[in-house]
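In the working numbering, the protein residues as written are 716 to 1359.
For each residue, glycine too, the CB sits at the ideal point set by N, CA and C.
Below is one structure, written out as structure tokens; comments come after it.
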Amino acid sequence: MPQTIINSFTAGELSPRLAARTDFEKYRSGCRILRNFFIMPQGGVYGRPGTRYAADVKDSAKKTRIIPFEFSTDQAYVIELGHLYMRFYKDGGRIESPPGTPVEIATPYGETELFDLKFVQSADVMYFAHKGHAPRKLTRTSHTNWTFTVAAFKDGPYAPANGDTTKTLTCSATALGASGTLTAVGHAPFQSGHVGSLWEISDGTVTGYVEVTGYTSATVANMTVKGVVPVAAQWKWREGAFSVVRGYPRSCGYVEERLFFGSTTAQPSTMWGSVNGDFENHAPGANDDDAVEYTVASGKVNPLHWLVEDRGLFIGTTKSELRLDGGAGAPLSPSNARVLTQTKYGSKSLQPIETGTETVLVQRGGRKVRALQYNLNSDSYAAPDRTLLSEHVTESGIVDWCYQQEPDSVVLCVLGNGKLASMTYVPEQQVVGWALHETDGFFESVACIPSGETDQVWAVVRRTINGSTKRYVEYFDPALHMDCAISYAGAPVTSVSAPSHLLGKTVAVVGDGAVYNSAVVGAGAITLAPLLAASAIDVGLPFTPLLRTVTPEIPDRAGSLQGRKMRWVKVGVRLLNTLGVTINGDQVESRSSADAMGHAPSAVTGDIISVNTGWSRDGENTIEQTQPLPITVLGIFGALDTEG
């Protein structure tokens, strides 16, 4: 009678396409189904943390995004980005000043623009890029004091220079700070959308620039001198690269103490880097620390979706992934900037994630995750597919994602179908395992910030509450095993206030580690079992961690087991700090004679044995946690009886 053990689940939920690949090395460490479990790099799986309710979004009728703002590991925030506003969260709650009044600032970004925003942070300043709006910066001066302003660029960046000597510009005022008019002769370049744009004017000796402050006609604009300009009419001029007319950059990123913006409507393949160490200064020149401008030469025009630092500036386009650097290990400068194609998969317009050793990106179709891997010998990158074994998990497309480095290395992806996917990712140990996570609702956005010794994952979740659509900001809490929960802690009580944000929902109730009867949330309090008061009570939406193994393959003298009837004589599950477990539909009790009645049983670390099995042709085992309690599965073992 064959004996077998599954002591690793690090391959995660395997694609149905691999159902017959019993010869594949990863098959034995894969699962047929893995839901609401996180994979541990060491091999086991544990029930995912529940979520704690933080607040309603400002307007539940509109999509909302959350993003991280991290000054340091001690000062990290989550930003609620909604329709034309921002709100802020810290330490598990929304920031309010005074109490009851959320700290809020206005933004120009509408609901349909939120997930196209790109952002990059340096200390207390975060820059934002969107193709429909001038670049802006968010500045924090305290927990309750935030400002959001248009980036005030100095001396550029500029569009290509005019080369037609019949098209001139004349400034009526030339002194620094003076106001006047900018008059065009031989052409009619001005539009109302030029207000706020910069124009460089030169006579070959004096080169300065002005800011357009008002529109009079196609040939006359009001202006203010920002850098001393020539007196007479000049044909050597350059229009500002950023304006309503030319469009605004859709991407931004830092590299080598320069802030880069990339891809406007008029110049979709161009990127502009600031003066070294002066992020809003784009003064052109030939010195090494002057601003950098580069246009990607390509047979097709592909917008620059994202910019990220990785041995230079990595650039994602619809058709390929590129790298901008100074060549031969030299610092980037105006004279040595070069772009080399690294891979040709094409990227989705979703900012890549930088893990401990690699940068991971979402491929153009939104369903594949690739990891940029540097090869020292060829000085180039490869990008292996990290969804190859579990392509079905991300089939509905990735719409948002974040990275949790502690306690385990996990990439979390919001999917188009409202589910959450996790990829436990430790490439140096060949650990790439996917799992799916479901809730009574739809995940719409995620973000991760440091919190003490670990990283805290936040989410925007759309739920149907009492017939109405609600969107809640929630965060994962390892102490919880239910979603959208609230907690009570204090003197022992036999009832708690009903969670009004879950009106009409059937909720799970746990008090002092023991499971009480579920309850339907109404207007009154939730009453616990008589005479069983509790001092620590959690109330929230239940979910079920579920693991189903693949069909075993243990060749015997009759050959492969595939297609033959088989029966587990017994199934053992090795657990760690687990309360309650269901094996193949059989609820296995964990209470022992040593546990006091009226109190929660002790968590089990060790083996639980079940004999509730029958004959089948798949030989799969199903492990569930049907109660809102912790579960960690380290392995599954047993004796297998087979026909023939």
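Residues bridged to residue i [DSSP beta-bridge criterion]
i: MET841; result: GLN836 and LEU853
i: LYS1185; result: ARG1178
i: TRP1021; result: GLY1031
i: SER1317; result: According to DSSP, SER1317 bridges with nothing at all.
i: HIS902; result: Bridge partners of HIS902: none, in fact.
i: ILE720; result: PHE1352
i: GLY923; result: ILE916
i: ASP1192; result: GLY765
i: ALA1223; result: GLY1255
i: GLN1078; result: SER1062
i: TYR1118; result: VAL1126
i: GLN1302; result: THR1297
i: THR1347; result: TYR761
i: GLU1153; result: Paired residue(s): none; GLU1153 is not in a bridge.
i: SER1095; result: ASN1090
i: LEU1290; result: GLY1321 and VAL1348
i: ASN860; result: SER857
i: ASN996; result: LYS869
Test item: CB-CB of residue i and residue j under 8 Å
i: MET801; j: THR822; result: yes
i: VAL1389; j: ASP1333; result: Nothing can be reported for residue 1389: it is not among the residues displayed for the chain, which extend from 716 to 1359.
i: GLY1148; j: GLY1131; result: no
i: VAL1084; j: LEU1151; result: no
i: TYR924; j: GLY942; result: yes
i: THR980; j: ARG953; result: no
i: TRP950; j: ASP879; result: yes
i: ASP1003; j: PRO964; result: no
i: THR885; j: GLY901; result: no
i: THR725; j: VAL1146; result: yes
i: VAL944; j: ILE916; result: yes
i: VAL1236; j: ALA1204; result: no
i: LEU1104; j: LYS741; result: yes
i: ARG747; j: ARG1282; result: no
Which listed residue (the options) has its alpha carbon closest to that of residue i
i: LEU1256; options: GLU1189, ASP1005, LEU1047 and SER1160; result: GLU1189
i: ASN937; options: VAL1114, ARG763 and GLU926; result: GLU926
i: ARG750; options: TYR761, GLY1205 and LYS741; result: TYR761
i: SER787; options: SER837, LEU799 and GLY807; result: SER837
i: LEU1065; options: PRO1046, SER1048 and VAL1129; result: VAL1129
i: SER744; options: LYS882, ASP1003 and LEU1349; result: LEU1349
i: ILE720; options: ILE1269, PHE843 and PRO1343; result: ILE1269
i: SER1275; options: ARG736, SER723 and LEU729; result: ARG736
i: GLU795; options: ASP789, VAL1161, ASP1170 and LEU1217; result: VAL1161
i: GLY807; options: ALA1200, GLN1302, GLY1295 and PRO813; result: ALA1200
i: THR779; options: PHE975, VAL1303 and PHE803; result: PHE803
i: ALA1249; options: GLY1226, THR1242 and ALA1234; result: GLY1226
i: TRP1021; options: THR1072, SER984 and THR1209; result: SER984
i: SER775; options: GLU1036, LEU884, VAL1176 and GLN1277; result: VAL1176
i: SER1035; options: VAL1077, ILE1298, MET755 and CYS1117; result: VAL1077
i: GLY1182; options: HIS848, LEU1217 and GLU1024; result: LEU1217
i: MET755; options: GLY727, GLU826 and SER1202; result: GLY727
i: GLY908; options: ASN1051, TYR873 and SER958; result: SER958
i: ILE1164; options: PHE752, VAL793 and ALA1244; result: VAL793
i: PHE976; options: THR1072, VAL910, ARG1079 and PHE868; result: PHE868
i: GLU1073; options: GLU1106, PHE1029 and LYS846; result: PHE1029
Neighbour-count burial assignment, residue i, 16 or more Cβ in a 10 Å radius
i: ILE1068; result: buried
i: THR766; result: buried
i: PHE739; result: exposed
i: LEU832; result: buried
i: GLN1340; result: buried
i: GLU1159; result: buried
i: ARG732; result: exposed
i: GLY1353; result: buried
i: ASN1292; result: exposed
i: LYS1220; result: buried
i: TRP1330; result: exposed
i: GLN1342; result: buried
i: VAL1326; result: exposed
i: ILE1324; result: exposed
i: LEU1055; result: exposed
i: ARG1178; result: buried
i: ALA791; result: buried
i: VAL1016; result: exposed
Min CB distance residue i to chain E below 8 Å
i: SER912; result: Here there is only one protein chain, and chain E is not present.
> Could you give the uninterrupted runs of the beta strand (DSSP E) lying entirely in the stretch 725-777, keeping only those of 3 residues or more?
Replying inline: 745-750, 752-754, 760-762 and 765-771
> Considering only residues of the stretch 926-979, which uninterrupted beta strand (DSSP E) runs meet the minimum length of 3 residues and lie entirely inside it, listed in chain order?
Replying inline: 935-942, 951-954, 966-970 and 973-977
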